[in-house]
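The opening residue of the sequence shown carries number 1 in UniProt numbering; numbering runs sequentially from there.
Glycine included, each C-beta is placed from N, C-alpha and C at the ideal position.
Please read all numbers here as calculations on a predicted model, not as lab measurements.
Everything below concerns the one structure shown next.
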Amino acid sequence: MRVSFAGGGTDVAPFPEREGGCVLSGTISQFAYSTLRPRTDGRITVQSLDFGYSIGFGVDDPVEYNGQLDLPKAAIARIRTIPGAHAVTGFDLFLHTAAPPGSGLGSSSAVMVSVIGLVAQHCGLDLTEYEIAELAYRLEREDLGIPGGSQDQYAAAFGGFNFIEFAGDQVVVNPLRVRESTVHELEHNMLLAFTGQTRVSDHIIEDQRSRYETGNATALEGLRAQKELAAQMKIALVRGEVDTIGHLLGEAWREKQKMSERITTPLIDEAMKRALASGALGGKVTGAGGGGHMVFVCEFERRHLVAQELIDLGLTVSEPIFSRDGVTTWRGQN
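If you want it as structure tokens, here you go:
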């Protein structure tokens, strides 16, 4: 999973094609897990612990997209047709994710990246992180028609702190050399707060896209400010200026709200108000908005006060730990 610090929305078409976008993000120690066990009877099964159900189909059956585990089905369908892929004799796929869809942490894309990395290895394909992320993006946005950007797929594939640039069809991932002391300081001062509401991001993203395409001045201002703030926050991060990151988070949140009226909610507004009043330097929603997770950078001596205010409001609070690991596959012992 990832925390997006700034730039979200500038990776959503058509903005990157017309103006170029950039996002600053860091991955945290919450993961999407996939386990594959081969079988030889020509059947494929997919079981999701999160959704509590499973599906099955033949290796040569056409895939039906019906809203039931469409992400892994799309990955399996595409990978088995890639030139060089070994013939599939069947397998059982088991999925578990540490955060629900709509959490604002990029969980859906993390699932897609995890499945692609695993099934591709099973089929004898050696895909790079760029190839995995690109395939995940194409499957989600084109094959399945899910609205959204492309930051989550690249964050999940590469892992770590990245400044990701988007220009048309070109994506460049710039890994950042962040000092360990800065990472510790961030973890020492940050809070994640789950609102308990999973957002319907497609409506927010469609509204954002519509506003941009119709030349809405406020939405344009918000998107362009996101690019500038992502660049400023990148500098603060590599220089170890954690307090500056906190203040820039608050500015990024104010600009983000200009992109769509649906991004915030009364609960989010109240949580932000209480957090700032009790010691947060700044905060924002980590995903498209409307729910999901919020991230705050606090004065450490008052972080516990911020946490208590959010808990009193009904939010679930955690202290994020950053991870430099991207998509990782390995073969276990039977």
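Alpha-carbon spacing of residue i relative to residue j, whole angstroms
i, j, result
"Gln-232", "Val-183", "18 Å"
"Asn-189", "Gly-292", "20 Å"
"Ala-157", "Val-46", "22 Å"
"Trp-253", "Gly-8", "10 Å"
"Gly-84", "Glu-140", "23 Å"
"Tyr-33", "Thr-328", "10 Å"
"Ala-271", "Gly-124", "48 Å"
"Ala-277", "Leu-313", "14 Å"
"Glu-221", "Ile-44", "48 Å"
"Thr-89", "Ser-48", "21 Å"
"Pro-147", "Asp-126", "28 Å"
"Arg-39", "Arg-324", "33 Å"
"Phe-296", "Gly-289", "15 Å"
"Lys-273", "Ala-87", "56 Å"
"Gly-145", "Ala-75", "14 Å"
"Asp-41", "Thr-128", "30 Å"
"Glu-301", "Arg-262", "33 Å"
"Val-23", "Thr-265", "23 Å"
Own chain residues within Cβ distance below 6 Å of residue i, not counting five before or after
i, result
"Leu-36", "Phe-91, Leu-93, Leu-118 and His-122"
"Asp-50", "Thr-97"
"Gln-308", "none"
"Ser-260", "Ile-204, Asp-207 and Gln-208"
"Ala-225", "Glu-255"
"Gly-250", "Gly-282"
"Ala-193", "Met-294, Leu-310, Leu-315 and Val-317"
"Glu-213", "none"
Strand pairing of residue i, partner residues [DSSP]
i, result
"Ile-321", "Paired residue(s): none; Ile-321 is not in a bridge."
"Gln-47", "Ser-54 and Phe-94"
"Pro-38", "Phe-91"
"Phe-316", "Just to set this straight, residue 316 is Thr in the shown sequence, not Phe. DSSP output for Thr-316 lists Phe-194 as bridge partner(s)."
"Cys-22", "Glu-165"
"Val-3", "Gly-26"
"Ala-32", "Thr-97"
Neighbourhood of residue i by C-beta distance below 8 Å, restricted to the same chain and skipping five residues each side
i, result
"Val-171", "Tyr-130, Ala-133, Glu-134, Ser-150, Tyr-154, Ile-164 and Glu-165"
"Gly-100", "It should be noted that the sequence gives Pro, not Gly, for residue 100. The answer, listed in chain order, is Asp-50, Ser-107 and Thr-198."
"Glu-187", "Glu-319, Pro-320, Ile-321 and Phe-322"
"Ala-219", "Gln-208, Arg-211, Tyr-212, Lys-258, Met-259 and Ser-260"
Of the listed residues the options, nearest to residue i (C-alpha basis)
i, options, result
"Lys-284", "Leu-305, Ala-277, His-247 and Pro-320", "His-247"
"Gln-68", "Gln-333, His-203 and Gly-56", "Gly-56"
"Lys-258", "Ile-235, Asp-312, Arg-239 and Gly-215", "Gly-215"
"Arg-80", "Asp-70, Gln-197, Ile-116 and Ser-103", "Ile-116"
"Ala-6", "Glu-228, Ser-318, Arg-303 and Asp-312", "Glu-228"
"Pro-320", "Pro-266, Ala-277 and Arg-303", "Arg-303"
"Gly-168", "Pro-16, Asp-11, Gly-326 and Met-1", "Pro-16"
"Met-1", "Gly-289, Met-112 and Asp-70", "Met-112"
"Tyr-137", "His-86, Ala-275 and Arg-78", "Arg-78"
"Thr-195", "Ala-87, Ser-54 and Gly-104", "Gly-104"
"Ala-110", "Ala-217, Glu-19 and Thr-27", "Thr-27"
"Ala-25", "Val-63, Arg-331, Val-173 and Glu-64", "First, the residue type needs correcting, since residue 25 is Ser and not Ala in the sequence shown. The residue with the shortest Cα to Cα distance from Ser-25 is Val-173."
Beta-carbon contacts of residue i that lie in its chain and below 7 Å, excluding the five residues immediately before and after
i, result
"Cys-298", "Asn-189, Leu-191, Gly-279, Ala-280, Leu-281 and Val-306"
"Val-178", "Phe-161, Leu-237 and Val-238"
"Gly-21", "Gly-7, Thr-10, Asp-11, Phe-15, Phe-166 and Lys-227"
"Pro-72", "Val-46, Leu-93, Leu-95 and Val-115"
Checklist entry - Residue ranges of each beta strand (DSSP E) run of no fewer than 3 residues wholly in the region 52 to 96, ordered along the chain? => result 53 to 58
Next on the checklist: Please give the ranges of any beta strand (DSSP E) in the region 159 to 218, keeping only runs that are unbroken, at least 3 residues long and fully inside the region.
Outcome noted: 161 to 167, 170 to 175 and 190 to 194
Checklist entry - What residue ranges within the region 211 to 297 form continuous alpha helix (DSSP H) runs of no fewer than 4 residues, ordered along the chain? => result 217 to 239, 242 to 256 and 266 to 278
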